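Below: one structure, written as structure tokens.
2 protein chains.
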Amino acid sequence: MKGEIDKKLKQRNIKPTAMRELVYEVLDKNKKALSLYEIEQQFDNVERSTIFRTLKTFQDNFLIHSIDDGTGAVKYALCDEGCTCDPDDLHVHYLCNKCGQTHCLRDMPVPKMELPQDFSFESANFVVKGICSNCK
Amino acid sequence: MKGEIDKKLKQRNIKPTAMRELVYEVLDKNKKALSLYEIEQQFDNVERSTIFRTLKTFQDNFLIHSIDDGTGAVKYALCDEGCTCDPDDLHVHYLCNKCGQTHCLRDMPVPKMELPQDFSFESANFVVKGICSNCK
DNA sequence: GAAATACATGCAACAGTATTGCAAAGGTGT
DNA sequence: ACACCTTTGCAATACTGTTGCATGTATTTC
């Protein structure tokens with residue numbers, strides 16, 4: 018288990034520390050995107066800033082991606098293997114207005130839009146909101 | 018001019034006050050989406066909270082819509098005439114990573130996604146990021 | 001037109017999230 | 001063991017958004 022996680026971290030050139038293994042584990046076992054606060058809640062005595070910087074490191078190395086779902090807190094979820102967060106790697110996210118959970122719709126790529134002349138497409142944030150099947 | 022604005026406000030059941038006319042004017046003459054802070058900057062001695070509540074009133078009555086472009090500050094832009102901010106009224110927004118300006122791509126509707134079973138589509142936020150034609 | 005009522009505004013304070021500086025702790029290589 | 005670099009914890013702070021309350025302004029009612 019720990020070995021598996023370390024491998025994932027090393028694949029992304031992230032030195033595996035206890036903290037990072039734990040944060041990875043939390044992101045992995047929860048099947049939804051989590052905010053900094055939500056991650057903090059799953060630990061007893063871990064500094065917010067440490068988690069914050071851990072997430073930043075993860076994000077810089079494309080191990081996780083961030084989602085701004087409009088709730089005020091940025092959420093984080095694991096990237097798929099080999100993801101480089103290029104336009105081609107992007108997928109749609111879904112925020113349930115009832116339970117507040119944000120899910121990755123990993124098999125739903127963000128559609129390429131035909132932008133106006135001379136506008137480049139570097140990245141995108143596409144969040145669909147509604148009521149999820151659980152809350153229906 | 019003032020008459021035109023009052024008409025727009027009244028169409029949306031918003032009582033036209035001096036404040037509201039001014040905020041509307043600012044949103045109208047800038048052709049991009051503005052944050053609360055940016056709107057505040059265009060006045061000399063107007064309370065943030067007043068503008069905040071004005072925007073809230075506008076939004077509740079579908080005169081403006083808000084965009085969360087991931088920069089940390091919500092931005093606001095005028096709705097098209099007759100807009101009710103339904104899924105059908107939504108359009109894509111564009112954030113330039115260089116100049117930081119956010120534009121409405123009004124003629125680019127948010128594509129309807131085929132969501133997983135029992136997930137409803139109530140609204141969406143679709144922001145494309147890149148370099149705009151001005152900054153290229 | 002004056003009194004009563006409702007609504008809008010300004011001020012101040014506060015809440016939540018994100019972020020940074022700095023020092024201590026931990027690990028790595030020589 | 002020592003020097004070096006990275007990570008972590010603590011504290012403080014910035015920024016945006018939000019609310020309570022008092023005051024001012026407009027609108028209605030008589």
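So the protein lines, in turn, are chains Z and D. All residue numbers in the first sequence are consecutive under my numbering, ending with 153. All residue numbers in the second sequence are consecutive under my numbering, ending with 153. We put the CB at the ideal spot given by N, CA and C, even for glycine. Bear in mind the structure is a predicted one, so any value in this text is a computation, not a measurement.
Identify the contact partners of residue i in chain Z, using a Cβ-Cβ distance below 7 Å as the criterion.
{"i": "SER52 of chain D", "result": "Those within 7 Å of SER52 of chain D in chain Z number zero; the least Cβ separation is about 14 Å."}
Just checking: is the beta-carbon of residue i within a distance shorter than 7 Å of some beta-carbon in chain Z?
{"i": "ASN47 of chain D", "result": "no"}
{"i": "ILE81 of chain D", "result": "no"}
{"i": "VAL145 of chain D", "result": "yes"}
Using the Cβ count rule (16 or more neighbours within 10 Å means buried), how would you classify residue i?
{"i": "ARG37 of chain D", "result": "buried"}
{"i": "GLN118 of chain D", "result": "buried"}
{"i": "SER66 of chain Z", "result": "exposed"}
{"i": "ASN62 of chain Z", "result": "exposed"}
{"i": "THR34 of chain D", "result": "exposed"}
{"i": "LYS73 of chain Z", "result": "exposed"}
{"i": "LYS48 of chain Z", "result": "exposed"}
{"i": "LYS46 of chain Z", "result": "exposed"}
Of all Cβ atoms in chain D, is any one closer than 7 Å to the Cβ of residue i?
{"i": "ASN142 of chain Z", "result": "yes"}
{"i": "CYS96 of chain Z", "result": "no"}
{"i": "GLY87 of chain Z", "result": "yes"}
For residue i and residue j, what's the separation of their Cα atoms in angstroms?
{"i": "PHE75 of chain Z", "j": "MET130 of chain D", "result": "29 Å"}
{"i": "ASP106 of chain D", "j": "LEU51 of chain D", "result": "20 Å"}
{"i": "LEU80 of chain Z", "j": "LEU26 of chain D", "result": "48 Å"}
{"i": "THR88 of chain D", "j": "HIS120 of chain D", "result": "14 Å"}
{"i": "TYR54 of chain Z", "j": "ASN142 of chain D", "result": "23 Å"}
{"i": "SER14 of chain D", "j": "ASP85 of chain D", "result": "Outside the shown range of chain D, which is 18 to 153, sits residue 14 of chain D, and nothing can be said about it."}
{"i": "VAL40 of chain D", "j": "ILE56 of chain D", "result": "8 Å"}
{"i": "LYS146 of chain Z", "j": "SER140 of chain D", "result": "5 Å"}
{"i": "GLY20 of chain D", "j": "VAL43 of chain D", "result": "16 Å"}
{"i": "PRO128 of chain Z", "j": "ASN114 of chain D", "result": "20 Å"}
Just the chain Z side, please: which residues come within less than 8 Å of residue i by C-beta, in chain order?
{"i": "LYS153 of chain D", "result": "ASP135, SER137"}
{"i": "ASN114 of chain D", "result": "GLU139"}
Within its chain, find whatever has a CB closer than 6 Å to the CB of residue i; leave out the 5 residues flanking it on each side and keep chain order.
{"i": "MET125 of chain D", "result": "HIS108, VAL109"}
{"i": "ASP17 of chain D", "result": "No answer is possible for residue 17 of chain D: it lies beyond the span of chain D, which begins at 18 and ends at 153."}
{"i": "ALA94 of chain Z", "result": "ALA50, CYS121"}
{"i": "CYS100 of chain Z", "result": "PHE79, ASP106"}
{"i": "LEU112 of chain D", "result": "ASP86, THR119, VAL144, LYS146"}
Output needed for residue i: all residues of its chain with C-beta closer than 7 Å, excluding positions within five of it in sequence on either side, in chain order.
{"i": "ASN78 of chain D", "result": "ARG29, ASN30, ILE31"}
Suppose the cutoff is 8 Å on Cβ atoms and the five residues either side in sequence are ignored; what does the same chain contact list for residue i look like?
{"i": "CYS116 of chain D", "result": "CYS149, ASN151, CYS152"}
{"i": "ASP23 of chain D", "result": "PRO33, GLU38"}
Could you name the residues of chain D that residue i contacts, counting a contact when the two beta carbons are closer than 7 Å?
{"i": "CYS149 of chain Z", "result": "PHE136"}
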